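Quick notes on the structure that follows.
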Amino acid sequence: MGIYVNKELPEVFCNIQKIEVPNQAEFRLDELSDLLKQQLLDNRKLAKSIIHLQQTQNDWNLYQTAHLKRVDKRVDDLAESQQFQETLTHQIMSFLEKIEEQNSIMQQTINYDQRFQNDIYQKVIEISQTNDEVQGQLTSINQQESEITTTLTDYSSSLDALTKSVEQLVSTLAHIETQTIEQNTLNQQIAEKISGLEETQKDADHRADVQEGMIEKVRLQVDHLRSILFERSNFLEEKIEKVLQSLAEYFNKLKQ
54 MGIYVNKELP EVFCNIQKIE VPNQAEFRLD ELSDLLKQQL LDNRKLAKSI
104 IHLQQTQNDW NLYQTAHLKR VDKRVDDLAE SQQFQETLTH QIMSFLEKIE
154 EQNSIMQQTI NYDQRFQNDI YQKVIEISQT NDEVQGQLTS INQQESEITT
204 TLTDYSSSLD ALTKSVEQLV STLAHIETQT IEQNTLNQQI AEKISGLEET
254 QKDADHRADV QEGMIEKVRL QVDHLRSILF ERSNFLEEKI EKVLQSLAEY
304 FNKLKQ
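309 is the number that my numbering gives the last residue of the sequence shown; the numbers go up by one with no jumps.
Structure, rendered in structure tokens:
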């Protein structure tokens, strides 16, 4: 207990000299009280430790819940990316099937053009053969005209032969006229087919240009899709590595 000092009466119980020895000669030691005090301090420390442990456990539970939510979100992202990749693959296969159908149609058109050209070539051969026949008939007419000229020099003695030759000539001319009409009709048909062939050739050229443009467009789209698939594959690989790393850290913490 310290010295009582009244500031209103400063001289009362106020020693201005130095105290050489303690003013308490003896004291009583109570081990039970000390034990209780120490136990109270230990209990307080234990309570603080328990509160701190509870706070740490709550923080860990919150962290674990947030981490599990992040893992679930990453798994959902991976599933969404997988679904997007499957949809993209399906679209690519459908697009390639359409290209295959267009190639089949173009091949059928080319085969039809080839058959049409073969028909035209066959008609040209027939015209050439007809022209050869007409040339032969003209040669025969020339020969008959020579015979008529020879017969006219001896008209008096070869009137019957001349009459027969004239009849043959008239018949031959009629046949030639008929063939000429048929030839003109055939030439007109050939001209119409050639005109149709030119239109078909123009249409085929246009289709070929369109097909070439479509093939170039498809090539560019395929290159673009390859780059997208490559980027998505790298992205998925990085996300999977991060998820696996996070799961490994999480399980390591659980083991500890």
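Positions of the beta carbon are idealized from the N, C-alpha and C atoms, including for glycine. Just so it is clear, the structure is predicted and the values come from calculations on it, not from any experiment.
Under 8 Å between C-beta atoms, does residue i make it to chain B?
i: S102; result: The structure shown contains no chain B, having only a single protein chain.
Looking at the ligand NAD, does it come within less than 7 Å of residue i, judged from the CB to the closest heavy atom?
i: D166; result: The model depicted lacks the ligand NAD and carries no ligand whatsoever.
When the Cα atoms are used, what is the spatial distance from residue i to residue j?
i: T238; j: S157; result: 37 Å
i: N96; j: S86; result: 15 Å
i: Q170; j: T192; result: 33 Å
i: V124; j: A100; result: 35 Å
i: L215; j: Q196; result: The predicted position of L215 is uncertain, since its pLDDT is 49 and thus under 50; a value taken from the coordinates is nonetheless stated next. Near 13 Å, if we compare the C-alpha coordinates of Q196 and L215.
i: Q298; j: I104; result: 32 Å
i: L149; j: H143; result: 10 Å
i: E245; j: H259; result: 21 Å
i: A127; j: E154; result: Sequence inspection shows Arg at residue 127; the Ala mentioned does not correspond to that position. Cα to Cα, R127 sits roughly 41 Å from E154.
i: S181; j: Q160; result: 31 Å
i: S248; j: S280; result: 48 Å
i: E84; j: S102; result: 26 Å
i: D166; j: K151; result: 23 Å
i: E252; j: D185; result: 31 Å
i: Y116; j: L106; result: 15 Å
i: L131; j: E284; result: 14 Å
i: I178; j: I163; result: 23 Å
i: L121; j: L273; result: 42 Å
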